[in-house]
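A.B. asks:
Protein chains: 2
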Amino acid sequence: MSTDQPVSRRERLRVETTREITTIALRQMAADGPGAISLRGIAREMGMTARAIYSYFATRDDLITALIGETAASLADSLESARDAVPGADPRGRLIAWGTALREWAVANPEGFRLVYGDSIPGYQAPGGSPVERAARRICGGLNRLVAACAGAGAGHEEAGWAAFPAEYLAKIRDEVPDLSPRVAELALRVWGRMHGLVALEIHGHLRPVHGDPAALYRAEMTELAESLGGRAS
Amino acid sequence: MSTDQPVSRRERLRVETTREITTIALRQMAADGPGAISLRGIAREMGMTARAIYSYFATRDDLITALIGETAASLADSLESARDAVPGADPRGRLIAWGTALREWAVANPEGFRLVYGDSIPGYQAPGGSPVERAARRICGGLNRLVAACAGAGAGHEEAGWAAFPAEYLAKIRDEVPDLSPRVAELALRVWGRMHGLVALEIHGHLRPVHGDPAALYRAEMTELAESLGGRAS
DNA sequence: GTAAACAGGAAACGCCGTGTACTTCGGATA
DNA sequence: TATCCGAAGTACACGGCGTTTCCTGTTTAC
Numbered sequence: 010m011s012t013d014q015p016v017s018r019r020e021r022l023r024v025e026t027t028r029e030i031t032t033i034a035l036r037q038m039a040a041d042g043p044g045a046i047s048l049r050g051i052a053r054e055m056g057m058t059a060r061a062i063y064s065y066f067a068t069r070d071d072l073i074t075a076l077i078g079e080t081a082a083s084l085a086d087s088l089e090s091a092r093d094a095v096p097g098a099d100p101r102g103r104l105i106a107w108g109t110a111l112r113e114w115a116v117a118n119p120e121g122f123r124l125v126y127g128d129s130i131p132g133y134q135a136p137g138g139s140p141v142e143r144a145a146r147r148i149c150g151g152l153n154r155l156v157a158a159c160a161g162a163g164a165g166h167e168e169a170g171w172a173a174f175p176a177e178y179l180a181k182i183r184d185e186v187p188d189l190s191p192r193v194a195e196l197a198l199r200v201w202g203r204m205h206g207l208v209a210l211e212i213h214g215h216l217r218p219v220h221g222d223p224a225a226l227y228r229a230e231m232t233e234l235a236e237s238l239g240g241r242a243s
Numbered sequence: 010m011s012t013d014q015p016v017s018r019r020e021r022l023r024v025e026t027t028r029e030i031t032t033i034a035l036r037q038m039a040a041d042g043p044g045a046i047s048l049r050g051i052a053r054e055m056g057m058t059a060r061a062i063y064s065y066f067a068t069r070d071d072l073i074t075a076l077i078g079e080t081a082a083s084l085a086d087s088l089e090s091a092r093d094a095v096p097g098a099d100p101r102g103r104l105i106a107w108g109t110a111l112r113e114w115a116v117a118n119p120e121g122f123r124l125v126y127g128d129s130i131p132g133y134q135a136p137g138g139s140p141v142e143r144a145a146r147r148i149c150g151g152l153n154r155l156v157a158a159c160a161g162a163g164a165g166h167e168e169a170g171w172a173a174f175p176a177e178y179l180a181k182i183r184d185e186v187p188d189l190s191p192r193v194a195e196l197a198l199r200v201w202g203r204m205h206g207l208v209a210l211e212i213h214g215h216l217r218p219v220h221g222d223p224a225a226l227y228r229a230e231m232t233e234l235a236e237s238l239g240g241r242a243s
């Protein structure tokens, strides 16, 4: 993004080593779950001492935070490109594409989903740091826009309706989606919950023993969801 | 349940010690999350060596399994008593009570919810063992009955509709809810997803930064859900 | 009364994250 | 070109973890 060039050799090596660390960590996570990420394991694979990692990440949780940021960004990418593949004139189609992409990304990266939306790391506490938050805003803002497009602007633009929303979130979301009504913002969260529910159940293994075709189940839910929003189909 | 009496002194002590272990483990979990459950910690608190625990649970995962079973049973208790507090003539009210109880139990026992529905234990794999499965059946069967009561028996009792359901699940659920149609069974899973979604988001801390009153949000969702099922209100 | 089953202790193995002390070496500066 | 600073890295230690092996003492069953 920014254009400062890390000319120095040391700087370059640093970036490369950091990348190598996160790459190995993501591979460890994909293989054995978020809980299996270990500094010692990464260092072993890199042929280094565990202590060496501390030159790049002050603590294990800092590394985890970086991984969450990267993973969430990859999810946001998937969602946005799936949405953009459907013409803007078909808001319900876009919303369904977005929701479908959410599930498909999760099925393809189950450990990533658990990393971002679960709390598989024993003592980890999310810090609200910048890259994670940026990805969250992309995802949340995108969903709000889609729901707004489906459900219309809504009659109530009065300020009273915003009472339920924390000021911090409000500032961000109204900045990103200017003509948002409280009704739509609330609806968007409920839509998010509806998508998240089936996906979380499936990823955590509660759905498969009980239904042979989670994709179809999810498709049915998305269809009904889009219809319930009452937007115009293409 | 079964009436075999553990007369022998050893048997009695064994039961008591087992209870003490699980009690301490549940307390540890409630305090610091499912990942903080440790054999050594439990033993320390009991004034014993870690080795002693192995006389009662062959491995840490066996202990976790027992805890999941107990926790899920407590959840099932809450759900059933909430449902039974509403007269059977009001199926929608019963469903809403059930869903509300789900959220309230989760809010009151967040770590328990994570233990049962997440995978906070690093390398843990659920074994389909008896107590866990029994609780799952109570919960799942109960929900299916409620949804059936709301949505009616459904026209399609033909066998073809059952294709999507695994045989094992089918046997259990049709045994428990005899006059179940595939349409209702599928609907019940979608209802479950809808409830689970908002609760999971809230428990994992994704909802609070974004909405000040998750209970109201959930209430709105439950209301719309019940309406969409089209059952008779009281 | 005796032999088997069982509860539990002591110590060890190999993991883990992290802290301290010390070496090595790239790179800016005198 | 010589020098010095700070960053990268190693070696080692600490305490915690689950689990195992070997051992002792008690309880139960025959």
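Quick mapping for you: the protein sequence lines, in order, are chains A and B.
Each residue of the first sequence is one higher than the last, beginning at 10 in my numbering.
Each residue of the second sequence is one higher than the last, beginning at 10 in my numbering.
Positions of the beta carbon are idealized from the N, C-alpha and C atoms, including for glycine.
Since we're looking at a predicted model, the values are computed, not measured.
1) In the structure shown, what three-state DSSP assignment does T68 (chain A) receive?
2) From A157 (chain A) to S237 (chain B), what does the alpha carbon distance come to, in whole angstroms?
3) Just the C-alpha distance for A224 (chain A) and C149 (chain A), rounded to the nearest angstrom, thanks.
4) Grab the span of the alpha helix (DSSP H) containing T32 (chain B) for me, first residue to last.
5) So, do the region 113-124 of chain B and the region 202-211 of chain A have three or more beta carbon pairs nearer to each other than 8 angstroms?
6) Using the Cα positions of E142 (chain A) and T27 (chain A), report the straight-line distance between them to the nearest angstrom.
7) With DSSP as the reference, label H205 (chain B) as helix, strand or coil.
8) Once DSSP output is grouped into helix, strand and coil, what is the label at P191 (chain B)?
9) Within 10 angstroms of the Cβ of S90 (chain A), are there 16 or more other Cβ atoms? Answer buried if so, exposed if not.
10) Examine chain B for any beta-carbon lying closer than 7 angstroms to the beta-carbon of R112 (chain A), and answer yes or no.
11) To the nearest angstrom, how far is it from the Cα of P231 (chain B) to the Cα of E195 (chain A)?
12) Specify whether the region 58-77 of chain B and the region 38-49 of chain B touch according to this definition: at least 3 beta carbon pairs, one from each stretch, less than 8 angstroms apart.
13) Could you give the first and the last residue of the continuous alpha helix (DSSP H) run that contains L238 (chain A)?
14) Given that E236 (chain A) touches chain B, what residues does it touch there, using C-beta distances under 7 angstroms?
15) Drop a sphere of 10 angstroms on the beta-carbon of V24 (chain B), count the other beta-carbons inside from all chains shown, and report buried for 16 or more, exposed for fewer.
16) With burial defined as no fewer than 16 other Cβ atoms inside 10 Å of the residue's Cβ, what is the status of R92 (chain B): buried or exposed?
17) Please confirm if the region 81-89 of chain B is in contact with the region 61-70 of chain B, defined as three or more CB-CB distances below 8 angstroms between the two stretches.
18) Taking 7 angstroms as the threshold (beta carbon to beta carbon), is G230 (chain B) in contact with chain A?
19) Determine the chain A residues that contact Y5 (chain B) at a beta-carbon separation under 9 angstroms, and present them in chain order.
20) Quick check: what's the CA-CA separation for A52 (chain B) versus A39 (chain A)?
21) At 8 angstroms on the CB atoms, spell out the chain B contacts of E195 (chain A), in chain order.
22) Measuring CA to CA, which of A:I77, A:L210 and A:L189 is closest to L35 (chain A)?
23) Does the beta-carbon distance from R154 (chain A) to V200 (chain A) come in below 7 angstroms?
24) Does the CB of R154 (chain A) have a neighbour CB from chain B at under 7 angstroms?
25) Does R199 (chain A) have its Cβ less than 7 angstroms from a Cβ in chain B?
26) Return the first residue and the last residue of the alpha helix (DSSP H) that V156 (chain B) is part of.
27) Using a Cβ-Cβ cutoff of less than 6 angstroms, which residues in the same chain neighbour I105 (chain B) once the five nearest sequence positions on both sides are dropped?
28) Would you say P175 (chain A) lies against chain B (beta-carbon separation less than 7 angstroms)?
29) If you run the structure through DSSP and keep just helix, strand and coil, what is S47 (chain A)?
30) Give a yes or no on whether the C-beta atoms belonging to H215 (chain B) and D128 (chain A) are separated by under 7 angstroms.
31) Consult DSSP for D86 (chain B) and reduce its assignment to one of helix, strand or coil.
32) In angstroms, rounded to a whole number, what distance separates the CA positions of I30 (chain A) and L210 (chain A)?
33) State the start and end residues of the unbroken alpha helix (DSSP H) segment that holds D184 (chain B).
34) Closer than 7 angstroms, CB to CB, is G170 (chain B) near chain A or not?
C.D. replies: The relevant details are as follows:
1) coil
2) 21 angstroms
3) 23 angstroms
4) R18 to D41
5) No: the two stretches stay apart, fewer than three of their Cβ pairs being nearer than 8 angstroms.
6) 21 angstroms
7) helix
8) helix
9) S90 (chain A) is exposed by the Cβ-count criterion.
10) no
11) Note on identity: in this sequence residue 231 (chain B) is Met, with Pro being the wrong assignment. Going from the Cα of M231 (chain B) to the Cα of E195 (chain A) covers about 14 angstroms.
12) By the Cβ rule, the region 58-77 of chain B counts as touching the region 38-49 of chain B, because three or more pairs are nearer than 8 angstroms.
13) P223 to L238
14) Simply none; closest approach about 10 angstroms.
15) exposed
16) buried
17) The region 81-89 of chain B makes no contact with the region 61-70 of chain B, as fewer than three CB pairs between them are under 8 angstroms.
18) Sequence inspection shows Glu at residue 230 (chain B); the Gly mentioned does not correspond to that position. Yes, its Cβ sits closer than 7 angstroms to a Cβ of chain A.
19) An answer regarding residue 5 (chain B) cannot be provided, because it is not within the stretch 10 to 243 covered by chain B.
20) A direct Cα-Cα distance of roughly 33 angstroms separates A52 (chain B) from A39 (chain A).
21) H220, L226 and A229
22) A:I77
23) Not in contact: R154 (chain A) and V200 (chain A) (Cβ atoms no closer than 7 angstroms).
24) no
25) yes
26) S139 to A160
27) M231 and A235
28) yes
29) coil
30) no
31) helix
32) 31 angstroms
33) A176 to E185
34) no
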